[in-house]
Structures are given as structure tokens and as C-alpha cells.
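Report on the structure given below.
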Amino acid sequence: MMKVLEGLLSLGLLAVFWCCSNAEQQDSNLFEKLDQEETFKSLQMENSKEVSHQKSDSALSYQKVLEKFRSQTEAERDQFLSGSFPVGFEWSISSESFKVEGGWAQDGKGETIWDRFSHEGHVSGNQTADLACDSYYKVDYDVYLLRGMKTPNYQVSISWARIFPTGRKESLLDKGVAYYDKMIDTLLQSGIEPTVTLHHWDLPQALQDLGRLGKRLYCEAFFKSEGNLGYGTGEHPPRVKDPIIASYKKSARWKVGIALNSDWAEPRNSLSDQDVAAAERYLNFKLGWFAHPIFVDGDYPAALKEQIEKKKDICGTELARLPVFTKAEKQKIQGTADFFGLNHHTSRLIRNGMPTEYNGDAFNDTDRVDYLKAYINEAMKAVNLDGISIQRFTVQSLMDGFEGPQGYSHRFGLHYVYFEANNIAPMVTLYHWDLPQALQDINGWDNPEMINIFNEYCDFSYATFGDRGCTTTPPWKKKSSCQAIHTYDEKYRASQGGLVSISLNAEWAEPLDVNAPREVVAADRALQFQLGWFAHPIFKNGDYPDAMKWQVGNKSELQGLTESRLPSFTDQDKAFIQGTADVFCISTYNTKVVRHVTSSLDIQSYETDQDVKKEDPDGAIHTAVIEQKAVAWGIRRLLNWLKEEYGDPEIYVTENGVATDIAITVDDTDRIFFLKTYVDEALKGKDYTVGYGLHYVNFQHPSRPRSPKRSAQLYFDIINNNGFPLTEDVAMLYGHFREGFKWSTASAAYQIEGAWRADGKGLSIWDKFAHTPEKISGDDNGDIACGSYYKIDEDINLLKILRVKNYRFTFHGPRIMPDGSNRKINQRWIKYIIGSRCTFGSQYHTTGLNDDPGVAPYVAGHNLIKAHAEAWHVYNDKYRATQGGIIGITINSDWAEPRNPYKQEDVDAAVRLVQFMIGWFAHPVFNGDYSDIMKNRIRERSLAAGRPQSRLPEFTPAEVARIKGTHDYFGLNHYATVLAFYVDFGTQEHYDAD
């Protein structure tokens, strides 16, 4: 027990929270009927003087809030705010003990009021929380779910009756303490801070039977908290049905901070004093009832007390009695809170959740998604726009659970719980290369006695575990496997109905030349030696494949042996072996290119018997295991071969995966690519199982905590979607472009013209670059290129054939102005201009700027932008009126997707990449200046490197005005989409590092 207490106190954990996920309506309707009855009388009695009486502090608070938002339109109210919460904002997930733990009487736990309530049949469908989510036995699994969500905090409640079955400290239950000890330790080991709720409506029934709540019944070291559910209407346990007096009696003893549930009350008519007063009164009864004594003056709100007295006067009898605090009690109550916990909306700690009813779709809870987005966004507005000091947002709850009178029909969980059945079918491998050393010491599988020994092991396993619907996979040793399968067939199949098979490993063998018969035969031979060795006897005729018998027999004879080194089966063996598998199980990782070789006869081995050599295919992707290369297309061919060779059996891919480097933890993008491609190729397979770690295990920690990797989420999505259905964003859209849409093709002068020195053309930077040794692959250059300088008519005829309406080509500057200035114009090139009406554009590249990579690109780009602006203004001022052309800028840019869309630094990297590519030039031209992202990033890195100012030049106000709007169109060159992720370049100064 002390370990729990020390953990709570040393961590400064929050002690008490209230939550009302299943009874939020109760205290809002306690006086609803009386309010309706009073309306007519009160309107007669109240005159203008009473309406204008001095308002209470709470009424003034309400008026301030109302006035702040009175003029807000519905569109303004519901506008979505994009942004982030402040650094250090805390996110949390919650659960409640009686909703999830189960184990209602395990290890001596006492009965709670909820146990009694449900056992008496007050819950829908006579459901109970006896088992619930079984979290009492699933601490590690629940924390695993939390690690997968990367939540830094978990709000969990302690069941009073699990620690003190009778409610009193004398009944301390060590096993109950040990359960919460384990939970807290596991959370801390996983880097998750626990927040503990000491009382969450699950009062020990023994205390309820006393008819009162004692002040020192839980634990002197724990704070105390008491609520109001079940007092009033009797809808919830303990079913006290005095609708008014019982509620007030119970609330009079507050000693600790508390989290309260409250709706916001909006007046039906904000211009009506009566409606405003009613809304303010509602909040006093809903929230002020408990908050006012603790956070204001130690007493109930004046509005609440006045309303109770008014009820007495109107009704003529004491229907409601509000206890009175003494002066000493007020002093003791006031300020007894270190936090303000609010279930639903803005302040210190937030709790929020939405139930959904099960409609057959276990995971697609779009209503809750919309709900959470809207509520969290409103909380962000309160923080960022209103300056409210919210410290934490807690979503209810980690998983679906028992929700009071509604039982399991309302689901608050972020994780779906199967309450009716376990839907994960076990597949048990009885032997996976882990032979006991004692058996290896008697020669292991070379000893014929192993057949009987293994059969005894399988028999025990079938009898002990087989009643749970297991699929078992015995070892690859044929006779041992067959004996084990016959045992299952004869003794267990009728009662258990399981499946038994053998799991074999194979790689696809691709012939070096598919048109060379010898290479095709070699590839088939490789498959028969690897897979057919075991599969052929079981799935075909009880004997080894002919290719294997022929090859080993001939090799043995060539080696001077009198008989084949491959043992033979008797007819009895064949009959015993054939058909001893219910399904075809295969493990596959590799694909090899196979060619025929003539192996040495001096070596008698499995490898040399095959007369083949295996190599990695071209394009094979390296993995952390040197021998394993990723070649996705091979699995499809292998599955097709199995279908043809073995008569279309039911296939289970029991292993497939990829190893990643030890430095990779949860962000395993290489494995994601591997799984996507391999599963895509295996879509025609019957089943698919992944190996090589979907979950990261921290081997440095003694408890070896697991955390799901990104590939686990991918595999979940594949399972949930049953493959790769087209989503809306990638599905092909069929239709037509709008009328008048312009189709075009393009070329670039240096790439096609050639004639690099013809007719007085000057040198370009590309001429210089291409004629510099080792700059261009294959020593190519643009001296001749496509010869388009001399083939204008031919090129235009090609355009006519294409029937394009536009042709985007480039002017080659050195061909027009050989020295780069207008002092000399090359008249011979003017004939290249086609027609008088053109669309002019500028497209920029920066080259030869390696002397100062931290500054030169930005200076060059700065000058290019200003030059573009001047070019636009020249055309606009001198030529537009007579020529009617348009002028703009064409920018090359990739699109960037975050490598991990759930990782903020990858999302930021993707945004930054687009701003540095397209925004570098587009933002000044279309907005007048560089983007804030680019300016701030380069400034911060420049200052960090010791520079006095940013390496990015600044535009003057006059230049901003001159540049902004210098476009008639946006020209975009686009070729690729890339995955972006953050890389720390340290203090390096260059464009990529920025």
C-alpha cells in the first residue's frame, strides 16, 4: 500500500476527478418541473425593481461571457481555427475502474454499489461489469495501447472496494494494492504519467449499507471526494430516491479539489432578461453548487440559496432544504483545491468524450471524430484567442466499457472492445527451431525415436490447448509431422474442429533467361529441392518430387555410390504421409535469380546436388539482413506456382517481413514500404502473416516494454480494409476538363536546339558546364542535341499532328544577345519567333553557386525575382496594349508528403520543403515578400551559426510593392512527389540544410 501512496505523493499526482459519462442529465432536471410551474406566478410577482436588483458576482461573470460572444454570428462561432496548442500543453486519456476492470469479486474485492445495481437487473439487457474489459488481467496490454497512442498521461481511477473491500482501512487487501502498484509502475516504465481518480461513483456497498458516508473510511493518506449521482432520481446506484434533500445533504462535506461536470447554458433569447437569468441560474445549480464553496467564499452561490428559499415561498412547504455551512466550515472549505477540473469545457483540466452506439461498424466512428475535432478546436480557441489557462485535455476513454444503465450499448472508447467473443484465432507453431538441448544430445532429428517423442509432445499440446480452436503447424520433419497430424485426426479433430498443417519456407526462383529451357528447368529444380522436398510427399503423392530423386540419384552414381543418397519411402510410408495437411502454410522472404551450373562431384551436399547458382535480382532492395533482399513481385509468382503445382490448396502465408536496423524504433518507414509492396503482390493469396517486429521492444529496459511501430498501424489498416481499396484521394476520376481548357507541350532551347555556335550564338552557362570534364554523364553535351535549330518546320508539323493548342518553348538568351546585353542583337534568330501574340514567362535555375552555398543561392534568387518584376513591368507598360500577350513565371516544384503523417516534425518538414521550393519565388510574386516560414527558418539558423543577420536578403517596402502582382498566370513544372522528414544538419549553412 505504501508503494502506491509514495508513488502518488512523490509524483504529485492529481488525487480526485469527477466524471459523469453516463448520468449528466440528472442534476439538470431536479428543479425543471418546479421551474415550469413557477413561471406564471413569478412573472406576476416580479416587477421592474426586482429585475434590476443588484446582481451577484456569478451573474456578472455570466453577463461578461454573454456580452463577449453576443455579436458573434453562427458562422464566426463555428469557424475552424488552424494552429497548435502552446508548448507543454498536456494530452491525456482516461478510463474508470468499474467500467473496464472486471474481476468484480476476484482476490477478495468487495462489492460496490455498481455491482449491486447491475446484479439487481437495473442495467439494459441485464448486463453487468463482472468481466467488463478484463483490465484487471490486462495491465500490460492496456499500457501497450497507450504507448501506441504516444499519450504522455493516463487518467485512471482506483476501485475503493478493491483496496478496502468493506470501505474501511482495516480491510486492506494486498492483492488489490498489488494490482494498482503494477499499473502505476508499468505506466511510469513506459514514460506515461499516471493521474489517479480516487473515487469514481463505485462506493463500496458495505458503506452504502451504513446509510451514510464516513469521513475517514478510505485512507487517511488519500484525499476524499463525494459526488451526487444516484442521489435524487435514483436512476443510478445507490438509488436514493429523495429528489432534493438527499442531494444537498451529501454535498455538504467538501475537503479536496474536484473535477465537475457542467454543460454550458445559452439563453434561448439573449435579449430576454428572464432567459439570461434562467441560464445563469442553471450554471449555478449545475456548476456553482460545488465550485462556489471551494473556489469563491466557502458557501453556496447566493443565486442558488435565493432560489431554494423562493421555492419554499411559492410552494408553501419545504420541498428543498439546503444545509448551512458554519463560519468555521466555510473557512475550512474555501480554497481546498489545487486545480479546477472541468468535464466538458475550458479551464484548468478538461475532460471530454462522446458515446456512440454500436451499429455494426466497429472502427469507423466518424461521429466521434467530428465531435472530438470540434471540441478540441473550441478548447484551442479558448487558449489561443481568449487566454484561458487550460493545462490539459483528457479524452474519455481509452477503451469501450460498462456505461451504467446503458450497459455496453454506449461506447466512449478510442479502442473498440469485443464484449461478446474473442475474435483472434490462434495459430500455434509446435516447433520453431527451439529443440530442447536434452533431445539434441541424443542426436536430435537424426534419431528415429524423435518421431514418437515429438508425437507425445503434440498429443499433450492438442489435449491442453486445442479446445480453443487452434491451428497448429508441426515441424518440417516429414514422418514426425505426419504422425502428429494422424494423432490429431484420430483423437481430437471431431471434438475440437481445428486445423493442422506444416509450415514450409521457400523463396521464388526466377530463371536467369525465361527463354532458355535449361535455365527454366534449373529454376524449377531449385523450387523442388527447397519446397517440393517436403510439400510433394504431403500434398501430392507421398513421395519426393521426380526432379529431386533424379538429380540426387544421378549425382550419387557419378560419385561412385551404389545407391542414391536420398532415402526412399515404402508404399506404406507414402500412404501414411500423403494428405497429412489441412492447409498449405508457407513462410517466404526472398526471391532469387537462378541459373544452371555444373557443381563439383567431390563435395556431397544438398547445395551441390542442385546444380544451380542463386543471385539477387536486379533492383532488389537491401535490408538489415544481408542475405535478405526485398523483391515484392516474387511472392505473387510463388503463390501462382503453388496453385499450379499442388492443385489450388488453401494457402496461409505464415511468415513474411523485413528486418530493420537496430537504430530504428517506431518510425519504420522501410518496413512500411516492404509490407505495402509484398501484401499488394499477395492479394490473391488466402491469408497473410507478418514477422520481423511490428512492435518495437526496448531491450534496454528490464521489463521489455512494447510499442507499436508505424508498420503496425499500416498492417491494421490493411486488415481492416482487407487490402488496398481505392480511397477518394487516389481513385481515378473520369470526366472531361472544362470547355476551352488548353492542352500544350513543351521544350527547352538548350535541350533540343543544338547549333551551339551557329550564326554567332554566344556561350551559355550550360555550354561551359557540359564542356567541363566529368560534369555530364557519358561526356554528352548540347552541341547538336535534336538539331531543332535547323528543323523548325519538322517540329511544327509534329505539333500539328498532336493537335495541341499551345506550345511552350524557351528563348535561348545567348542566341539572341550573344554577350548578354542589348548592344548586339542576333537578327538571324528573330525568325524563331512565331506570330505576334505570345505568352511570355520566366523560368529560373541557379547554377554555379557553390562558392558560398549558404548565401549565394538566396542572393541569386533575390535578384532573379526583382528581374522578373522588371520584365513584367516592361511588358505591361510598353507592349501589352498593342500585343495583347500575357506574362508570368513558371516554377518547378515537387509536392511533399510527411513521411510519418502522425509525426509533427515530419509534417512541418513537408510544409517547409514546399515553401522553400515553390514559395521561394511564388510568395514574393503573388504576395510581395518571402513566406514567414522561409524568413524565420533562415534567420534562426543564421543567428545560430553566429551571423549577425539572416542570410536571406530583404526586400524594401518599395521593392515589395514593385514585385507583388507581377503575374498574369501561374506556371508550374511538376514531376515528383516526395516523402519529407526532418534531418538535423547542425550548423551547416546551405539551402538543403535550411
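Numbering of the sequence shown is given in my numbering, commencing with residue 532 and proceeding in unit increments.
Positions of the beta carbon are idealized from the N, C-alpha and C atoms, including for glycine.
Please read all numbers here as calculations on a predicted model, not as lab measurements.
- DSSP places Pro967 in no beta strand (DSSP E); its state is neither H nor E.
- Relative to the Cα of Asp646, the nearest Cα in the group Tyr710, Ser615, Ser690, Gly614 belongs to Ser690.
- Note that the region 1421–1432 touches the region 1501–1513; at least 3 beta-carbon pairs, one per stretch, sit closer than 8 Å.
- An exposed status is given to Asp1408, since fewer than 16 other beta-carbon atoms sit within 10 Å of its beta-carbon.
- Around the beta carbon of Gly633, 16 or more other beta carbons sit within 10 angstroms, so the residue counts as buried.
- With respect to Pro1345, Lys1397 sits apart: the two C-beta atoms are not nearer than 9 Å.
- When DSSP states are grouped into helix, strand and coil, His1505 belongs to the coil group.
- Going by beta carbons, Arg1056 and Ala1078 fall inside the 9 Å limit.
- Per the coordinates, the alpha-carbon of Lys1306 lies some 29 Å from the alpha-carbon of Arg1482.
- Inter-segment contact for the region 713–720 and the region 666–676 is present: three or more beta-carbon pairs are separated by less than 8 Å.
- For Lys1144, the enclosing beta strand (DSSP E) begins and ends at 1143–1146.
- Of Ser1308, Asp1523, Ala1489, the smallest CA-CA separation from Tyr1389 is found for Asp1523.
- Separation of Asp1044 and Gly1165 (C-alpha to C-alpha, rounded to the nearest whole angstrom) is 16 Å.
- Between Arg923 and Leu916, the alpha-carbon positions lie close to 17 Å from each other.
- Of Val926, Arg1168, Gly1459, the smallest CA-CA separation from Gly944 is found for Val926.
- Checking the DSSP bridge columns, you'll see Thr1122 partnered with Trp1039.
- Fewer than three Cβ pairs drawn from the region 650–662 and the region 697–705 lie within less than 8 Å of each other, which leaves the two stretches out of contact.
- DSSP places Trp1426 in the strand class (E or B) of the three-state scheme.
- As the crow flies, the alpha-carbon of Leu814 is around 32 Å from that of Gln736.
- Distances from the alpha-carbon of Asn1423 to those of Gly1450, Arg1411, Tyr1433, Asp1439 put Gly1450 closest.
- Taking a C-beta distance under 9 Å as the contact criterion, Leu853 and Phe821 do not qualify as a contact pair.
- Pro936 carries a helical assignment under DSSP once its states are collapsed to helix, strand and coil.
- In this structure, the straight-line span from the alpha carbon of Asp1350 to that of Trp1287 is close to 14 Å.
- The beta carbon of Leu1062 sits closer than 7 Å to the beta carbons of Leu1035, Ala1037 from its chain, once the five residues preceding and following it are set aside; these are given in chain order.
- Taking 8 Å as the upper bound for CB-CB distance, Phe611 and Asn908 are in contact here, some 6 Å apart.
- For Arg942 and Ile839, the gap between their C-alpha atoms comes out near 37 Å.
- As a beta-bridge residue in DSSP terms, Phe1115 pairs with Ile1182.
- Here Glu1490 carries a helix assignment [DSSP, helix/strand/coil].
- In this structure, the alpha-carbon of Ile982 lies about 54 Å from that of Pro696.
- Nearest neighbour of Ala692 by Cα position, chosen from Pro725, Pro683, Trp732, turns out to be Trp732.
- For Pro725, the enclosing beta strand (DSSP E) covers residues 724–728.
- When Cβ pairs closer than 8 Å are counted between the two stretches, the region 1259–1275 is seen not to touch the region 1312–1330, the count staying below three.
- Contact annotation: the region 1448–1465 touches the region 1485–1492, with at least three C-beta pairs closer than 8 Å.
- Distance between Ser592 and Ser793, taken at the CA atoms: about 16 Å.
- Inter-segment contact for the region 1122–1136 and the region 1014–1032 is absent: fewer than three beta-carbon pairs are separated by less than 8 Å.
- In the three-state reduction of the DSSP assignment, Met930 falls in the strand class.
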